[in-house]
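The structure appears right after this line, and notes come after that.
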Amino acid sequence: MSVASSPFAADTAVGEVVADLEISRAWLVDPATGREGPGEIVVTDGMLESVVWLDGDEGSGIDERGVVVAPGFIDLHAHFREPGNEDAETVASGLAAAAHGGFTTVCLMPNTSPALDDPAVLARVEAAAGASGSPVRALAYGCVSAGRHGETLAALGELADAGVVGFSDDGSSVSSGPLLRNALAYAGALGLPVVDHPEEASLTAGAEANDGFVATVLGLKGWPAAAEEAAVARDIAILADVVRDVPGARLHLTHVSTAGALDLVRRAKSAGLPVTCDVTPHHLALTDEWLAGARRWAWEASGDPWADGALTAAPYASALRVNPPLRTAADAAACREALVDGTADAIATDHAPHTQVDKDVEFGLASNGISGIETALGVALAAVDGGLITLRRAVEALTVGPARVLGSAAVGREVGLVEGAPADLVVFDRSDGWTVAAEALRSRGKNSPLIGRELSGVVLLTIAAGRVAFDATA
Ligand SMILES: [Zn+2]
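For the sequence shown, position 401 matches number 403 in the numbering used here, and the numbering has no gaps at all.
Following this line, the structure appears as structure tokens:
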């Protein structure tokens with residue numbers, strides 16, 4: 003297909019300003035105003051010049067099942083592996099993958115090698131992002147602890163001055179209560195959140211799969227929900243203590259995956275504590291049944307893949323090894339319910355690319371993580387297609403939700419279909435689908451359990467800060 007033949011192509015190379023683009027008769031979703039419906043947009047010289055909503059007959063025949071225009075997505079949690087493990091991902095390949103997934107802003111975790119506990123490492127990441135030519139905005143968290151060793155605080159003030167958007171020891175929980183207490187207080191004084199990966203490590207030593215029926219039958223060592231719930235309870239209790247002295251303290255819990263942990267967050271929010279959380283696409287839609295060889299969505303699962311004849315793939319696929327592990331259908335339902343009722347503020351990908359070498363080993367020895375930034379939209383749309391969440395809520399959780407977690411200063415733009423602002427948006431076609439394949443992924447990490455699966459929703463165009471980030475016709 004030639005570029006000119008598509009009305010949804012920018013006719014411009016990646017990185018260049020979108021000079022002139024008109025998208026007519028699409029379904030617009032603007033979570034900033036809560037409005038969605040048929041409409042048209044015009045982009046001129048990189049600016050979103052007009053957003054026109056079509057009323058009555060003008061909009062007839064246009065529905066949310068066709069071409070959708072939404073603000074560019076924001077990912078609160080991604081691993082781009084540079085510096086230190088560029089075989090798994092580079093900043094450039096990660097940004098290309100992000101754009102292919104519809105993301106225009108990504109927040110990178112600091113568990114690189116060396117860890118991002120020093121402004122010099124941030125400068126390397128920013129230089130790599132600049133050199134990539136991608137207009138996708140790469141933001142980064144700094145470490146909570148020096149070297150991510152969990153012993154002493156990193157230089158949070160210096161990192162904040164250098165431009166990090168929060169602090170995390172992701173990969174692990176902040177190791178001790180006193181360290182978390184100090185981190186919440188200092189980060190709060192700096193106006194930044196602490197992003198914790200909730201896992202009580204003493205309960206997960208050697209753990210391989212969610213503790214339960216599937217792990218027992220497969221002979222995998224159980225990973226108890228209690229490990230996550232104990233950490234979430236600790237974090238919230240410490241936050242409650244810290245906010246009395248430091249009202250600006252903020253805690254964000256990432257990849258929350260159990261019904262019990264989400265209930266703890268729900269109660270803390272209703273008590274008025276400054277806590278937010280995200281859930282991942284894989285915890286919304288996949289379950290531990292997949293380890294046995296089932297490949298049905300969580301909302302179709304029964305919990306016993308052997309009884310139902312659901313097995314369609316080999317067991318122990320290491321692409322499914324992830325931290326926290328894939329949970330039960332009831333936990334996945336709790337993740338979706340948390341999105342619906344606002345307990346979960348965002349969908350974050352936890353994009354965790356790995357090399358084949360780190361994955362082509364026995365299940366329990368494989369590195370944890372799923373390469374997921376390019377399939378997040380398709381998985382979210384599967385939940386929309388299944389009637390589990392609305393399209394508008396899915397878009398909110400990928401845009402204004404994460405923007406609120408970060409704060410407007412960090413995001414640096416108004417998130418929405420804002421006339422007169424630099425265009426920052428994604429165009430995708432829900433009437434079309436694609437087959438996830440290693441060659442189709444821009445990420446160097448091919449460790450996706452969705453390889454071979456058809457996902458609905460094809461990203462046609464991603465525009466970040468007025469520039470082309472991805473164009474399907476290019
Ligand atoms: Zn994590």
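By construction, the Cβ of each residue, glycine as well, lies at the ideal position given by its N, Cα and C atoms.
(request) Have a look at serine 4 and glutamate 18 and give me their C-alpha separation to the nearest angstrom. (result) Because serine 4 sits at a pLDDT of 35, beneath the cut-off of 50, its placement in the model cannot be relied upon, and the following sentence gives the value as read from the coordinates. In a straight line, the C-alpha of serine 4 is about 18 Å away from that of glutamate 18.
(message) Under 8 Å, Cβ to Cβ, is there at least one residue of chain D near valine 216?
(response) Here there is only one protein chain, and chain D is not present.
(message) What does the Cβ neighbour count give for leucine 367, buried or exposed, with the cut at 16 atoms within 10 Å?
(response) Counting the other Cβ atoms within 10 Å of the Cβ of leucine 367 gives fewer than 16, which makes it exposed.
(request) Measure the alpha-carbon distance for proline 307 versus glutamate 202 and round it to whole angstroms. (result) Straight-line Cα distance between these residues: approximately 29 Å.
(message) Using the three-state DSSP reduction, which class does histidine 285 fall into: helix, strand or coil?
(response) Taken through DSSP and simplified to helix, strand or coil, histidine 285 comes out as helix.
(message) Between the alpha carbons of alanine 384 and leucine 50, how many angstroms are there, rounded?
(response) Each residue's alpha carbon lies about 29 Å from the other.
(message) Please classify serine 7 as buried or exposed, where buried requires at least 16 other C-beta atoms within 10 Å of its C-beta.
(response) Confidence in serine 7 is poor, its pLDDT being 46 and thus under 50, which makes the residue's placement too unreliable to answer from.
(message) Is histidine 151 a contact residue of ligand 1, with contact defined as CB to any heavy atom under 7 Å?
(response) No, since every heavy atom of ligand 1 falls outside the 7 Å radius drawn around the Cβ of histidine 151.
(request) Reducing DSSP to helix, strand and coil, say where isoleucine 240 ends up. (result) It is helical.
(message) According to DSSP, aspartate 77 sits in a beta bridge with which residue or residues?
(response) Per DSSP, Val108.
(request) Could you tell me how far apart the beta carbons of leucine 155 and alanine 148 are, in whole angstroms, since I believe they sit closer than 8 Å? (result) The Cβ separation is near 7 Å, so the contact holds.
(message) Taking the straight line between their C-alpha atoms, what separation do you get for alanine 11 and aspartate 434?
(response) Rounded to the nearest angstrom, the two C-alpha atoms are 16 Å apart.
(request) Check each candidate in Leu253, Leu124, Val45 and name the one with the smallest Cα separation from alanine 423. (result) Comparing Cα-Cα distances from alanine 423 to each of Leu253, Leu124, Val45, the minimum goes to Val45.
(request) Classify lysine 223 as buried or exposed, calling it buried when 16 or more other Cβ atoms lie within 10 Å of its own Cβ. (result) Exposed, because fewer than 16 other Cβ atoms sit within 10 Å of the Cβ of lysine 223.
(request) Identify whether arginine 432 lies in helix, strand or coil by the three-state DSSP scheme. (result) Strand.
(message) For alanine 331, which residues in the same chain have their Cβ closer than 8 Å to its Cβ, ignoring the five residues on either side in sequence?
(response) Once the five neighbours on either side are set aside, the close Cβ partners of alanine 331 are Thr289, Glu291, Ala300, Trp301, Ala303, Ser304, Gly305.
(request) Give the C-beta separation of valine 108 and valine 138 to the nearest angstrom, bearing in mind that I take them to be a contact with Cβ-Cβ under 8 Å. (result) Indeed they touch by this definition, with Cβ atoms about 6 Å apart.
(message) Per the DSSP calculation, histidine 257 is bridged to which residue(s)?
(response) For histidine 257, DSSP assigns no beta-bridge partner whatsoever.
(message) Using the three-state DSSP reduction, which class does aspartate 343 fall into: helix, strand or coil?
(response) Here DSSP, grouped into helix, strand and coil, assigns aspartate 343 to helix.
(request) Give every residue whose Cβ lies closer than 7 Å to any heavy atom of ligand 1, listed in chain order. (result) A Cβ closer than 7 Å to some heavy atom of ligand 1 marks a residue here, and those residues are Asp172, Gly173, His199, Thr256, His257, Asn325, Asp352.
(message) Let me confirm a value: glycine 159 is counted as buried when at least 16 other C-beta atoms fall within 10 Å, else exposed. Which label applies?
(response) The residue in question, glycine 159, is exposed, as its Cβ has fewer than 16 Cβ neighbours within 10 Å.
(message) In whole angstroms, give me the CA-to-CA distance for phenylalanine 169 and alanine 312.
(response) Answer to the nearest angstrom: the Cα atoms are 42 Å apart.
(request) Leaving out five residues on either side along the sequence, give the residues of the same chain with a beta carbon under 8 Å from the beta carbon of glutamate 421. (result) Around glutamate 421: Leu50, Glu51, Ser52, Val53.
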